[in-house]
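Report on the following structure.
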Amino acid sequence: MTSLYSINYHTRAHKRDAFIEFIKSLLLNPFVLHTRPSFLAADSEETPEWEKKFAPATRTQKNSHCGEGEETQDENVKRYCEVLQCVEELIYDHILHQRQNLIELSRLSALVPSIGRFFTPLPLRNSFIRQDAKRAIAARRSVPPSFNDIRAVLNDAQVTAISSTVKLMTFDGDMTLYADGANFPPTSSLVRLLITLLHHGLHIAVVTAAGYPNSPAKYETRLAGLLTGFRSSSLPAAALERFYVMGGECNYLFRYDAARGHLVGVAPEVYEPEAVRRWSTDEGLIAGVLDVAEGALRAGASEMKLEGKVDVLRKGRAVGVVPKDGVRLTRETLDEFALTAQRALTSHSLAQSRSPPATTTTTSTPPPTVPFCAFNGGSDVWVDIGNKLIGVQMLQAFLGTKGWETLHVGDQFLSTGNDISTRTACCTAWVTNPEETAEILTELCSLLGAGEGGK
Ligand SMILES: [Mg+2]
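With positions in the sequence shown counted from 1, the corresponding number in my numbering is that position plus 957.
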């Protein structure tokens, strides 16, 4: 029987991040308990003696400034910092358990069962103080620390923690480097910031769902503003050639060629490991997965009465639902498509793994499982073959970087998003627009500059 709780959980879980919700719930305690109300003449002559006798001590003694002024605000900062210091300790304890392969025994795993891996400690306390100066979190008396406040603190802490080890940064495209469906504008402050990161010796890769097989020109169009910046920069060729584009989540790799001033394809044999080559070269297997995805998306369009309002597009490594001109799909509709496709493909791959091999020989190996990614792209829905986890892992192996040396920046970290899978491989920062990306890169470039100055 399906309980009301499980229905509510399933209808909301995909919109929430369990770790951010956990921190939010902890910060709500000081907000409720210590952000005091103002009292109206609690010790006036009208107050009966018997009431004064039992009134809370703080209410009668601190009446003049309860909940008001600088002193209370400083106290609020102190209490929020105490909470975040505890979370810092929980994270570090979790890292120590990870190292011993005892992740499920950490206290954080008990408190947030869906918690994943951490690749660095997170200095949340100091990051809160910096973000509080920008967002006035502790000064607020009516609005408690929000999802976006905590996301900003986590991003700040992650950028600070990785600044001394970072070697590779990977970026989502739409809503991370440029507006949804737009091209990289030449006027974006991200052009200068990405060039600065290359100058500091980092590798940069755009890891995007956009899939244009054997078409570097199409990626060049999307990244036109950035590539124009590269061509006019004074950076040496070796630095500029640390720039890559991984398209179709993990299906096509391109590298910037400074002599030509263009992107050039990298042959899959050069960077794809054997485990990936087993499914990436099996076009029949891939077509079977896309057939299942296409069937689920078409059925969804029919059930939601959207035929005639959307197109179902099939590409070599993807199938998607794209609204026709003038049609806008709600987030709920997009999530429904993504979750329906996820379920259909998960049951398809489970059925395949349980079915007996086609041949009777006991030595035959089962066909490889084709990884997929069904996600809400903001205005459309796509099912891609492969995912960004594989894309980032292949770049890490190709460039020789580890999880604590890699930072992925993206905007889709809910369970219907395509950036969330990278959390298994590396550190991440969750942004909602290119301006936030610029903010965290400004902070990172400043820390990298300070680090160089100290060498
Ligand atoms: Mg995006």
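We treat Cβ as the ideally placed atom computed from N, Cα and C, and that holds for glycine.
Supposed contact pair residue j and residue i - C-beta distance, whole angstroms, cut 8 Å
i, j, result
"T1379", "T1385", "6 Å"
"L1081", "L1041", "4 Å"
"S1190", "L1401", "Contact flag wrong, Cβ pair sits at about 19 Å."
"L1079", "A1118", "6 Å"
"V1366", "D1129", "7 Å"
"L1356", "F1294", "Rounded, the Cβ-Cβ distance is 35 Å, inconsistent with contact."
"E1198", "N1375", "Contact flag wrong, Cβ pair sits at about 27 Å."
"L1125", "H1160", "5 Å"
"G1168", "G1204", "5 Å"
CA nearest to the CA of residue i, picked from the options
i, options, result
"P1328", "R1234, F979, I1119, R1311", "R1234"
"G1252", "A1275, N1171, T1238, Y1037", "A1275"
"H1305", "Y1213, L1364, I1243", "I1243"
"G1241", "P1324, L1307, F1370", "P1324"
"V1269", "W1236, A1250, G1406, G1218", "A1250"
"A1298", "P1280, T1326, L1247", "L1247"
"L1111", "V1163, V1034, T1133, E1045", "E1045"
"F976", "F1075, K1035, P1005", "F1075"
"I1397", "L1150, A1215, L1125, A1216", "L1150"
"D1089", "R1212, T1127, G1205, K1035", "K1035"
"T1322", "F1332, C1330, Q1309, N1333", "Q1309"
"P1225", "H1219, L1210, R1217", "L1210"
"L1154", "T1133, A1196, K1175", "A1196"
"V1116", "A1194, E1362, V1278", "E1362"
"R1288", "K1359, L1371, T1326", "L1371"
"E978", "L1364, N1171, P1070", "P1070"
"A1093", "D1137, Y1037, L1307", "Y1037"
"P1193", "I1152, V1164, E1260", "I1152"
"Y1135", "L1159, I1107, D1113, T1165", "T1165"
"T1373", "R1300, G1168, E1231", "R1300"
"Q1350", "K1091, E1229, S1084, L1404", "E1229"
"K981", "I1107, H1051, N1033", "I1107"
"T1358", "E1264, A1382, V1163, F1141", "A1382"
"E1039", "I1086, K1266, E1006", "I1086"
"S985", "A1174, A1162, N1033, T1004", "Looking at the sequence provided, one finds Leu at residue 985 rather than Ser. With distances taken between Cα atoms, L985 lies closest to N1033."
"G1360", "A1216, E1006, T1122", "T1122"
"C1043", "N1083, D1292, A1232, W1007", "N1083"
"G1236", "F1332, T1326, K1262, A1331", "With the sequence shown as reference, residue 1236 is identified as Trp, and Gly is not the correct amino acid for it. Minimum Cα distance to W1236 is reached at T1326."
Opposing strand residues paired with residue i [DSSP bridges]
i, result
"G1204", "Y1209"
"M1126", "I1161, L1364"
"P1280", "V1267"
"W1387", "G1367"
"Y1221", "The amino acid occupying residue 1221 in the given sequence is Val; Tyr does not appear at that position. For V1221, which the question treats as bridged, DSSP gives the partners R1212."
"W1007", "For W1007, which the question treats as bridged, DSSP gives no partner whatsoever."
"Y1037", "For Y1037, which the question treats as bridged, DSSP gives no partner whatsoever."
"F1275", "Here residue 1275 is Ala; the residue named in the question, Phe, does not match the sequence. Its beta-bridge partners are D1341."
"Y1135", "D1131"
Three Cβ pairs or more, each shorter than 8 Å: is that satisfied between the region 1178-1191 and the region 1143-1157?
The answer is yes - the region 1143-1157 touches the region 1178-1191, with three or more Cβ pairs under 8 Å.
Counting Cβ pairs closer than 8 Å, one from the region 1339-1354 and one from the region 1267-1284, do we hit at least three?
Output reads yes: the region 1267-1284 touches the region 1339-1354.
Per the contact definition of three or more C-beta pairs closer than 8 Å, is the region 1100-1108 in contact with the region 1059-1067?
Segments in contact, no.
Segment contact, 8 Å Cβ cut-off, at least three pairs: the region 1092-1099 with the region 1052-1060:
Flag = no, the region 1092-1099 and the region 1052-1060 do not touch.
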